[in-house]
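Novice: Quick note: the sequence shown uses the working numbering, first residue 87, plus one each step. Input: one structure, supplied below.
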Amino acid sequence: MSTRGTSTRGITEATGIPWETWTARLDALGARRMSHTQIARHVAEQLTGVVANPEWWAQSVTVAYEQHIGARRPGQTGDGRHNVSAGRTVDGTADDLLARWGALMAGESAVAYADPPSTSATEKWRYWRARLADGSRVSVNITAKDAAGGAGRCTVAVVHAGLASPGDVEPWRAFWKDRLRRL
Numbered sequence: 087m088s089t090r091g092t093s094t095r096g097i098t099e100a101t102g103i104p105w106e107t108w109t110a111r112l113d114a115l116g117a118r119r120m121s122h123t124q125i126a127r128h129v130a131e132q133l134t135g136v137v138a139n140p141e142w143w144a145q146s147v148t149v150a151y152e153q154h155i156g157a158r159r160p161g162q163t164g165d166g167r168h169n170v171s172a173g174r175t176v177d178g179t180a181d182d183l184l185a186r187w188g189a190l191m192a193g194e195s196a197v198a199y200a201d202p203p204s205t206s207a208t209e210k211w212r213y214w215r216a217r218l219a220d221g222s223r224v225s226v227n228i229t230a231k232d233a234a235g236g237a238g239r240c241t242v243a244v245v246h247a248g249l250a251s252p253g254d255v256e257p258w259r260a261f262w263k264d265r266l267r268r269l
């Protein structure tokens, strides 16, 4: 299994180190027998002073390497579960979009909630969160694209975490993209 080209291209551009060099270095280190944490610590050491956020890029390199060697599938977390995300820019205020999302999901029969969804807000963000009956969690993050948070446009991002199998990813991705289109 190999990583998707866009992820390795981004790693190469950000770190200045070609993906083939990363894989050769990590293979030589014996990373195939190392834990995620061990690999990430090693990569972070190599990136200190090279990139602005070495820990974040170390995670990116480590996940891409784990995908490259077949230890992790794209979208799979360290605990073996899977995540999917979708996003869209939508007209309206953050408060308006949070209310619209809540109304859209309140009438949604295809989602089995373990608990009622909750909402919260900060000055910049609006959140809608739900724990589903299958143990997965959904978080919808809404933020205004304009600095003043006015009536312009907002980014609405859905993250569905904790899916049990890779077969769950694409059906849920299609589901969330459809709900974002309805928004």
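Even for Gly, the Cβ is constructed at its ideal location relative to N, Cα and C. Since this is a predicted model, take the numbers as computed values, not measurements.
I'd like to confirm the pairing. Which residues does DSSP put opposite N169 in its beta bridges?
Specialist: For the purposes of this step, residue 169 is taken as residue 83 along the sequence shown, with counting starting at 1. Partner(s): none; N169 has no beta bridge.
Novice: Any contact between the region 144–162 and the region 180–192? By contact I mean 3 or more CB pairs, one from each, below 8 Å.
Specialist: no
Novice: Going by DSSP in three states, I155 sits in which element: helix, strand or coil?
Specialist: Counting from 1 along the sequence shown, the entry for residue 155 is found at position 69. Note: I155 maps to coil in three-state DSSP.
Novice: Taking 8 Å as the cut-off, decide whether the C-beta atoms of Y199 and A219 are in contact.
Specialist: Along the sequence shown, read from residue 1 onward, the residue named residue 199 stands at position 113. Along the sequence shown, read from residue 1 onward, the residue named residue 219 stands at position 133. Going by beta carbons, Y199 and A219 fall inside the 8 Å limit.
Novice: Quick one: grab the DSSP three-state call for G248.
Specialist: Residue 248 sits at position 162 when you count from the first residue of the sequence shown. G248 falls in the strand class under three-state DSSP.
Novice: Taking 8 Å as the threshold (C-beta atoms), are S251 and H128 in contact?
Specialist: The residue given as residue 128 occupies position 42 in the sequence shown. The residue given as residue 251 occupies position 165 in the sequence shown. Not closer than 8 Å, so no.
Novice: List, from N- to C-terminal side, the beta strand (DSSP E) runs of 3 residues or more that fit wholly inside the region 165–243.
Specialist: 168–177, 204–207, 211–217, 223–230
Novice: To test your reading of the DSSP string, which unbroken alpha helix (DSSP H) runs of 4 or more residues are found completely within the region 91–124?
Specialist: 91–101, 105–115, all fully within the region 91–124.
Novice: Taking the alpha carbon of L112 as the reference point, which residue from I125, P104, G238 has its own alpha carbon closest?
Specialist: Working through the sequence shown from its first residue, we reach residue 112 at position 26. Answer by Cα proximity: I125.
Novice: Who are the near neighbours of E141 in its chain, counting only those whose CB is closer than 7 Å to its CB and skipping five residues on each side?
Specialist: Taking the sequence shown and counting its residues from 1, the one referred to as residue 141 is at position 55. A130.
Novice: With distances taken between CB atoms, is the gap from T205 to W211 smaller than 8 Å?
Specialist: Here residue 205 corresponds to residue number 119 of the sequence shown, with the count starting at 1. Here residue 211 corresponds to residue number 125 of the sequence shown, with the count starting at 1. No, these two residues do not count as a Cβ contact at 8 Å.
Novice: Kindly list the residues whose CB is nearer than 7 Å to the CB of D201, restricted to its own chain and excluding five residues on each side of it in sequence; keep chain order.
Specialist: Against the sequence shown, residue 201 aligns to sequence position 115. Same-chain partners within the cutoff: R217.
Novice: Tell me whether the beta-carbon of V255 lies closer than 8 Å to the beta-carbon of V244.
Specialist: Locating residue 255 in the sequence shown gives position 169, where the first residue counts as 1. Locating residue 244 in the sequence shown gives position 158, where the first residue counts as 1. Not a contact, by the Cβ cut-off of 8 Å.
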